[in-house]
Amino acid sequence: MARVQRAAPGIRRSAAAKGRNQTMRAARSRSVGLVGRALALLPFTESQLHKAFLAIIFAAVLAAAWMLASISGAAAFAGAEAARVAADAGFRVRHVRVTGTVRMNELAVYERALAQRDQPMPLVDLEALRAELLALPWVADARVSRQLPDTLRIDIVERREHAVLAKPDRLVLIDNEGNALEPISSAKAKGKLVISGPGAQRMVGELDGLLDAAPALKPQVAAAEWVGNRRWNLTFKTGQLLALPEGDRAPAALVRFARLDGANRLLGGRVAAIDMRVEGQAAFRCKDGPCSASALQRLADGADETQVEEN
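Under the working numbering, the first residue of the sequence shown is numbered 1441, with each subsequent residue one higher.
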């Protein structure tokens, strides 16, 4: 009887494993080839790509570390420790330098700045200090900066005085926007424009525009009263009073009065008060009684189309 000899099991397994290995190597070769061709299409070298991947990985690690530090409070601790080290190295507020103060009391600035004395420079809150300075009446603007290693520099821009506001119990110096600067005595208020009347403080800008309509009269105005929250009475340095209409008619009325004054020299004359509230008319009151007919006629002759009458 003939015998059939079979291959040993070990030989079959070895052949099968060898076949699988060859298949894997072929697939890996095809995959690497595809990746290589794809990378070859990019405008980067393999070295540059390698560095970019490393940078991305490094950034991700730093971001994760910062998040962990923030959650645990390590960032605040690190900031405080850095400030302490800076202070020990001499970066601490020792001096304050203030410039730009002319009219205001400079001590008011130093009182706020010296609160930062001996603070580490990194911990000085410049914006908070600037906000405190802007709250001072005379300060229109303030610039605060560090001058390392140990000086705070403060540059002040002052408001400019413009007029005196007459309140029921005192006189107050104000700027051209109506901001109160400081109390002022009646002696120091002499020669300055005095503004009065309820609501006059917020009307300072409008008053300036009105007086600009007659530039020759502007320096001769000593006082302005805001009447009934709607119109102005002007008092000249001669003591004479001019009643103006309300609203947009006031500048035109002031210009008409300037023409009358130019033709008749009203300011400094016998006329005590001029009422121009009615459009196209001018009423006069003389200092020593009723205005004479001849005086009124002279005024009428120089009044153009303005009707002149006795008040």
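Don't be surprised by glycine CBs; every beta carbon is placed ideally from N, CA and C.
> Hey, V1536 and L1554 are a contact pair by Cβ (cut 8 Å); roughly how many whole angstroms apart?
Replying inline: Yes, V1536 and L1554 are in contact; Cβ-Cβ is about 6 Å, under 8 Å.
> Once you ignore the five residues that flank N1673 on each side, which residues in its own chain have a CB closer than 8 Å to its CB?
Replying inline: A1664, E1665, V1667, L1681, L1682, A1683, L1684
> G1687: which of R1671, D1609, V1695, F1676 sits nearest, CA to CA?
Replying inline: R1671
> Are there three or more Cβ pairs, one per stretch, closer than 8 Å when the stretch 1591-1600 is compared with the stretch 1567-1581?
Replying inline: yes
>> For N1619 and V1533, what's the separation of their Cα atoms in angstroms?
In response: 33 Å
> Relative to the C-alpha of P1691, which residue among L1569, Q1660, L1651 is closest?
Replying inline: L1651
> Residue range of the beta strand (DSSP E) that P1623 falls in?
Replying inline: 1620-1624
> Skipping 5 residues on each side, what residues in its chain have a beta carbon closer than 6 Å to that of R1710?
Replying inline: C1726, K1727
> Could you give the distance in angstroms between the alpha-carbon of N1616 and the alpha-carbon of G1708?
Replying inline: 29 Å
> So, are the CB atoms of A1653 and V1695 less than 8 Å apart?
Replying inline: yes
> Cα separation between P1655 and L1592?
Replying inline: 45 Å
> Considering E1598, what are the terminal residues of the alpha helix (DSSP H) in which it resides?
Replying inline: No alpha helix (DSSP H) holds E1598; the beta strand (DSSP E) holding it covers 1591-1598.
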